[in-house]
Amino acid sequence: MNPTDRTLEPSVKEAPAHAAPTTAPSARWREERVTKDAPTPVLECVDVDVRYGGFVAVRDVSLPFGHNEITALIGPSGCGKSTILRSLNRMNDLVDGARVDGKVQYWGQDIYGPGVDPIEVRRRIGMVFQKPNPFPKSIYDNVAYGPRVTGMDVDSMDDLVEQTLRRAALWDEVKDKLKQSAYGLSGGQQQRLCIARTIAVEPDVILMDEPCSALDPIATLRIEELMVELRDRYTIVIVTHNMQQAARIADRTAFFTADVDETSGDRTGVLVEFDLTSKIFENPSDSRTEDYITGRFG
Ligand SMILES: Nc1ncnc2c1ncn2[C@@H]1O[C@H](COP(=O)(O)OP(=O)(O)OP(=O)(O)O)[C@@H](O)[C@H]1O
Ligand SMILES: [Mg+2]
1 MNPTDRTLEP SVKEAPAHAA PTTAPSARWR EERVTKDAPT PVLECVDVDV RYGGFVAVRD
61 VSLPFGHNEI TALIGPSGCG KSTILRSLNR MNDLVDGARV DGKVQYWGQD IYGPGVDPIE
121 VRRRIGMVFQ KPNPFPKSIY DNVAYGPRVT GMDVDSMDDL VEQTLRRAAL WDEVKDKLKQ
181 SAYGLSGGQQ QRLCIARTIA VEPDVILMDE PCSALDPIAT LRIEELMVEL RDRYTIVIVT
241 HNMQQAARIA DRTAFFTADV DETSGDRTGV LVEFDLTSKI FENPSDSRTE DYITGRFG
């Protein structure tokens, strides 16, 4: 499997020139590395609505996710952040009654288009969940699992496991107990192992839904540092309720809220504002964003 091939099925089309792997710049903080110009999108929502049965959970979301950037999705509970995140790698396919309208484009290709394999979509666009969920297997086998089941052409699985654990900033802590159960690790270590498991299959994009909410502040900072390291190689989309976290690590931030229908009382998530993180936190354009980030609402 060629990690630089970004088509979702064999021979659909060549990956665009700008999809070539970047040479990794050293980890820098957001203001230095991103400009206000629209990002080069790896993934892009175009007029996306998501329904659960007859209920419209989010509507009209158009949002680009920039190459080698961290994008944070923030907003009050129930505004559809997880729903949108799951639409980005067809995880909603697994949710009963969920329906996605509009387009989600991966390097310009609609991931919901005919002939696209959702398994391949989820290999390219991996996901890390709120609660660390390692498999009931050894540390080694957790990392090797994805490469094995996807039939990756691997010269040495030992090397791949080591390299992946190093990339996930976990190697030094686990190198002497690779054959022990992943359940013996701390919560923060388990979450880094889940990140390792995700990156072992060489994805392009990592989606993270509140990945630190079950962790203490030290483990949280460790994961944040790791995300900043990983963005040189991957595109990251993170849902977080932690405003400081978004401000610390995200290059751009999207603020969502829920519109309430006066008649039915239904709450539908909408994207209010998407911009550089510094702009969202220091000088938002919409008063709803300001009310939320200053704690007046939500
Ligand atoms: N599987 C489901 N079936 C039906 N409705 C759902 C389902 N999942 C989410 N919803 C509804 O969709 C809306 C958006 O939910 P979602 O979980 O995306 O919000 P969220 O912004 O991630 O919230 P939180 O911050 O609490 O995690 C909510 O009204 C929720 O009740
Ligand atoms: Mg959620």
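For the sequence shown, counting from 1, position 254 maps to 254 in the UniProt record's numbering; every step adds exactly one. Using N, Cα and C, we set each Cβ at its ideal position, and we do this for glycine too.
Asked: Beta carbon of Met227, beta carbon of Ile218: below 7 Å?; Found: no
Asked: For the alpha helix (DSSP H) containing Thr83, list its first residue and its last residue.; Found: 81–87
Asked: Please classify Pro64 as buried or exposed, where buried requires at least 16 other C-beta atoms within 10 Å of its C-beta.; Found: buried
Asked: For my contact list, Gln245 and Glu224 are in at a C-beta cut-off of 8 Å; report their separation, rounded to the angstrom.; Found: 6 Å
Asked: Let me check understanding here. Comparing Cα to Cα, which of Arg99, Val201, Val58 lies closest to Lys81?; Found: Val58
Asked: Classify Leu73 as buried or exposed, calling it buried when 16 or more other Cβ atoms lie within 10 Å of its own Cβ.; Found: buried
Asked: For the pair the stretch 128–148 and the stretch 96–108, tell me if three or more CB-CB distances fall below 8 Å.; Found: no
Asked: Please specify which runs of the alpha helix (DSSP H), each continuous and at least 4 residues long, are wholly inside the stretch 147–189, giving them in chain order.; Found: 157–167, 171–174
Asked: My guess is that Arg252 and Leu215 are in contact by the Cβ rule of under 8 Å, so how many angstroms apart are they, rounded?; Found: Not a contact, Cβ separation roughly 24 Å.
Asked: From Glu69 to Arg124, what does the alpha carbon distance come to, in whole angstroms?; Found: 16 Å
Asked: Check whether the stretch 173–187 touches the stretch 129–147, taking contact to mean three or more Cβ pairs, one atom from each stretch, closer than 8 Å.; Found: yes
Asked: Return the Cβ separation of Cys194 and Asn242 in integer angstroms, given the expectation that the two are a contact with Cβ distance under 8 Å.; Found: The pair is not a contact, with the Cβ atoms about 18 Å apart (cut-off 8 Å).
Asked: Kindly indicate which residue of Tyr52, Ser287, Gly66 has the alpha-carbon position closest to the one of Gln105.; Found: Gly66
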